[in-house]
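Chemist: Okay, here's the structure, questions in a sec.
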Amino acid sequence: MRKRKLSQKYIIGIDEVGRGCLAGPVTVAATLLNIRPPQGLRSCGGRKLTLRDSKKLSAKQREAWFDFIKQQKISFAVASVSPKIIDKINISQAANLAAKNAVRRLIKNSKLRIQNCKFYLDGGLYLPKSIILNSKFCILNSTTVVKGDEKIPAISFASIVAKVHRDKLMKRLHKKYPRYGFIRNVGYGTKEHIKAIRKFGSSPIHRKSFKI
């Protein structure tokens with residue numbers, strides 16, 4: 000009797016939110032899918048919804064997809080990098096650092112063999128060629144895809160998870176810094192937000208390196 004080969008592969012999608020914000024962290028999510036996506040991928044709450052980049056979904060649609068992700072027990076991990084670190088190393092490096100941390104958490108929590116995983120990142124994000132896991136150097140098989148959040152379901156899911164997670168964080172921070180309207184703008188540079196910064200100055204969670 001021949002031994003069955005362990006050929007199962009996994010796709011890990013990675014996306015970020017908050018790159019262009021004036022306040023709050025940049026947040027990256029990594030989601031894990033089998034090569035064969037879960038059945039009913041495009042059905043959520045009994046309604047047909049098109050899976051797409053989180054920015055093209057309403058808040059209710061994002062929450063519906065997030066519920067679907069949890070119901071299907073799709074594994075994910077989230078990592079954020081603070082405004083202080085963003086100011087120190089710049090937003091691009093901060094986003095890539097968050098991506099690396101999210102991947103490390105997902106692999107550790109899912110107990111996967113990294114050689115069985117293919118990593119897809121949305122355009123603008125990059126992973127190093129290798130990372131250290133359990134004191135060992137592990138080679139990453141990763142590809143950055145332009146508009147990947149519109150082409151690869153795992154990246155679309157990551158976009159939704161990151162957006163839902165960060166929006167909830169910013170709405171909690173609104174209670175601490177109510178002057179800036181974070182409950183509405185979640186840190187983006189709206190007219191209301193910029194007006195508040197000019198009137199009250201920046202808060203501890205504003206990115207000092209971002210000019211208005």
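Following numbering that gives the first Met the number 0, the numbering of the sequence shown begins with 0 at its first residue and continues without gaps.
Just so you know, even glycine gets a beta-carbon here, dropped at the ideal spot from N, CA and C.
Checking 7 Å against the spacing of the C-beta atoms, do I193 and I211 come in under that value?
Modeler: For I193 and I211, yes; Cβs fall inside 7 Å.
Chemist: To which residues of the same chain is K99 closer than 7 Å at the C-beta, ignoring the five residues directly before and after it?
Modeler: Contacts found: L126, P127 and I130.
Chemist: Could you name the residues that DSSP lists as bridge partners for D14?
Modeler: The partner list for D14 (beta bridge, DSSP) reads A28.
Chemist: Since I believe R197 is in contact with A22 (beta carbons under 8 Å), could you give me their beta-carbon distance rounded to a whole number of angstroms?
Modeler: About 14 Å; that fails the 8 Å criterion.
Chemist: Kindly provide the ranges of any alpha helix (DSSP H) runs that are 4 or more residues long and lie completely inside the segment 71-112, ordered along the chain.
Modeler: Qualifying alpha helix (DSSP H) stretches, in chain order: 82-88 and 90-109.
Chemist: Starting from the Cα of A78, find the closest Cα among I138, I10, V160 and R171 and give me that residue.
Modeler: Here the closest residue by C-alpha is V160.
Chemist: Shortest alpha-carbon distance to S53 belongs to which of L31, L96 and V163?
Modeler: Answer by Cα proximity: V163.
Chemist: Hey, S202 and Y176: beta-carbon distance below 7 Å or not?
Modeler: Yes. Within cutoff.
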